[in-house]
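See structure below.
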Amino acid sequence: MGTEEMEAVILAGVLRRAGADVTLASVEDGLEIEASYGTRIIADKPIAACADQVFDLVAVPIDAALERSTEVNRVEWPFDHKPQVLIPIANGSEEMEIIMLVDILRRANINVVLASVDESTNIVGSQRMKIVADKCILDASDSKYDLIIIPGGHAGAERLHRSTTLKKLLKEQKQASRMYGGISYSPLILQKQGLLEDKTVTAHPSIVNQLTCQVIDGSKVVIDGNLITGKGLGTVMDFSLAIVRKFFGHGRAKSVANGMVFDYPKNRNA
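As structure tokens, this is what we get:
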């Protein structure tokens, strides 16, 4: 319990992408652990089951100037309460994007709800990491959210696109002039739902030529009014901190970045 979720998931995700056989082992009584910022992760096996194996590397996670963002059609993101953010997820969603988003937003004192669009709240990410959602999307739909963010991962984004409940939530979000957005592959899903009309975005290079709206390819993050989009996995830190900045201002974003030893500009206009 209390493991830093970003460190665990990023380490496992990067190594698995490189072809390494990675085992997440729990030292707790069960496989499901609650990490330091409340995200629940399911380990592959208990630590005792690993005792007789030989590993090439044992890694222990601990507790814890490109253009970063472009903003057009600037609007304030007003709120008189603790911001509420919904992150819908599905089997095949990009787990590093999910965990980093949740971790950073919760560090900034934002209430984040992870909602599964699949039958179970237990989902398996694109790199086989197991994550437990807070609730199913139908239960989550009873609430209103200041921001809905769609994570990437090709297979996961397509599953999210098929959720009628999520489509309804996103449509209502835009109609009410509340914030919404996506990162990596998911801007294409937003386009399919008619949510990028007359908008400016950024997205993963592999889908840019499929987007019919204006694209700023040289920016990690693009904010257009109530819409925020991110270029990809490597820009999640900037994407998440841009959300914090829009809700609370540059000072809070800088403070959160400092706590993660992440280089963040002193100048609020950088």
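Heads up: the sequence shown is residues 835 to 1104, going by my numbering. C-beta atoms are modelled at their ideal positions from N, C-alpha and C, and glycine is treated no differently. The structure presented is a predicted model; accordingly, all values stated were derived computationally and were not measured.
Mark residue 892 as exposed unless 16 or more other C-beta atoms lie within 10 angstroms of its C-beta, in which case mark it buried. Here the question's residue 892 lines up with position 58 in the sequence shown. Residue 892 should be labelled exposed.
Does the Cβ-Cβ distance between residue 942 and residue 1078 come in under 8 Å? Locating residue 942 in the sequence shown gives position 108, counting from the first residue. Locating residue 1078 in the sequence shown gives position 244, counting from the first residue. Going by C-beta atoms, residue 942 is nearer than 8 Å to residue 1078.
Do residue 986 and residue 1019 have their CB atoms nearer than 8 Å? As a first step, residue 986 is located in the sequence shown; it is residue number 152 there, counting from the start. As a first step, residue 1019 is located in the sequence shown; it is residue number 185 there, counting from the start. Cβ distance < 8 Å, so residue 986 and residue 1019 count as in contact.
Look at the alpha carbon of residue 837 and the alpha carbon of residue 861, and state the distance between them as a whole number of angstroms. Within the sequence shown, numbered from 1, the residue matching residue 837 stands at position 3. Within the sequence shown, numbered from 1, the residue matching residue 861 stands at position 27. Going by the C-alpha atoms only, they are around 11 Å apart.
Could you please give the first and the last residue of the uninterrupted alpha helix (DSSP H) stretch that includes residue 1089? Taking the first residue of the sequence shown as position 1, residue 1089 is located at position 255. For residue 1089, the enclosing alpha helix (DSSP H) has its first and last residue at 1084-1093.
Three-state secondary structure assigned by DSSP to residue 1025: Position 191 of the sequence shown, counted from the first residue, corresponds to residue 1025. Note: residue 1025 maps to helix in three-state DSSP.
Do residue 925 and residue 958 have their C-beta atoms closer together than 8 Å? Against the sequence shown, residue 925 aligns to sequence position 91. Against the sequence shown, residue 958 aligns to sequence position 124. Yes, the pair counts as a contact, with Cβ atoms nearer than the cut-off.
Taking residue 983 as the reference, which of 1062, 965, 966 has the closest Cα? Stepping through the sequence shown from its first residue, residue 983 is reached at position 149. Residue 983 has its Cα closest to that of 1062, out of 1062, 965, 966.
For residue 981, I'd like the list of residues in its chain whose CB is within less than 6 Å of its CB, leaving aside the five on either flank, ordered along the chain. Here residue 981 refers to the residue found at position 147 when the sequence shown is read from its first residue. Around residue 981: 919, 1013.
Using alpha carbons as the reference points, say which of 1024, 909, 932 lies closest to residue 968. The residue given as residue 968 occupies position 134 in the sequence shown. Answer by Cα proximity: 932.
Three-way DSSP call (helix, strand, coil) for residue 847 in this model: In the sequence shown, the residue the question calls residue 847 occupies position 13. In the three-state reduction of the DSSP assignment, residue 847 falls in the helix class, which pools H, G and I.
What are the boundary residues of the beta strand (DSSP E) that residue 965 is part of? Position 131 of the sequence shown, counted from the start, is the residue given in the question as residue 965. Unbroken beta strand (DSSP E) run through residue 965: 964-966.
When DSSP builds the beta bridges, which residues end up paired with residue 1120? Any question about residue 1120 goes unanswered here, given that the chain covers just 835 to 1104.
Which residues in the same chain as residue 997 place their Cβ atom closer than 8 Å to its Cβ, once the five residues preceding and following it in sequence are excluded? Walking along the sequence shown from the start, residue 997 turns up at place 163. Taken in chain order, the residues that qualify are 922, 924, 951, 971.
Taking all protein chains shown into account, do 16 or more other C-beta atoms lie within 10 angstroms of the C-beta of residue 883, making it buried, or fewer, making it exposed? Here residue 883 refers to the residue found at position 49 when the sequence shown is read from its first residue. A residue is called buried when at least 16 other Cβ atoms come within 10 angstroms of its Cβ; residue 883 does not meet this threshold and is exposed.
Any idea what DSSP makes of residue 1078, helix, strand or coil? To locate residue 1078, count along the sequence shown from 1; it is residue 244. Reduced to three states, the DSSP call for residue 1078 is helix.
Test item: CB-CB of residue 1033 and residue 903 under 8 Å: Numbered from 1 along the sequence shown, position 199 holds the residue referred to as residue 1033. Numbered from 1 along the sequence shown, position 69 holds the residue referred to as residue 903. No, these two residues do not count as a Cβ contact at 8 Å.
Would you mind sorting residue 1021 into buried or exposed? The rule is 16 or more other CB atoms within 10 Å of its CB. For the purposes of this step, residue 1021 is taken as the residue at position 187 of the sequence shown. Buried, since its Cβ has 16 or more Cβ neighbours within 10 Å.
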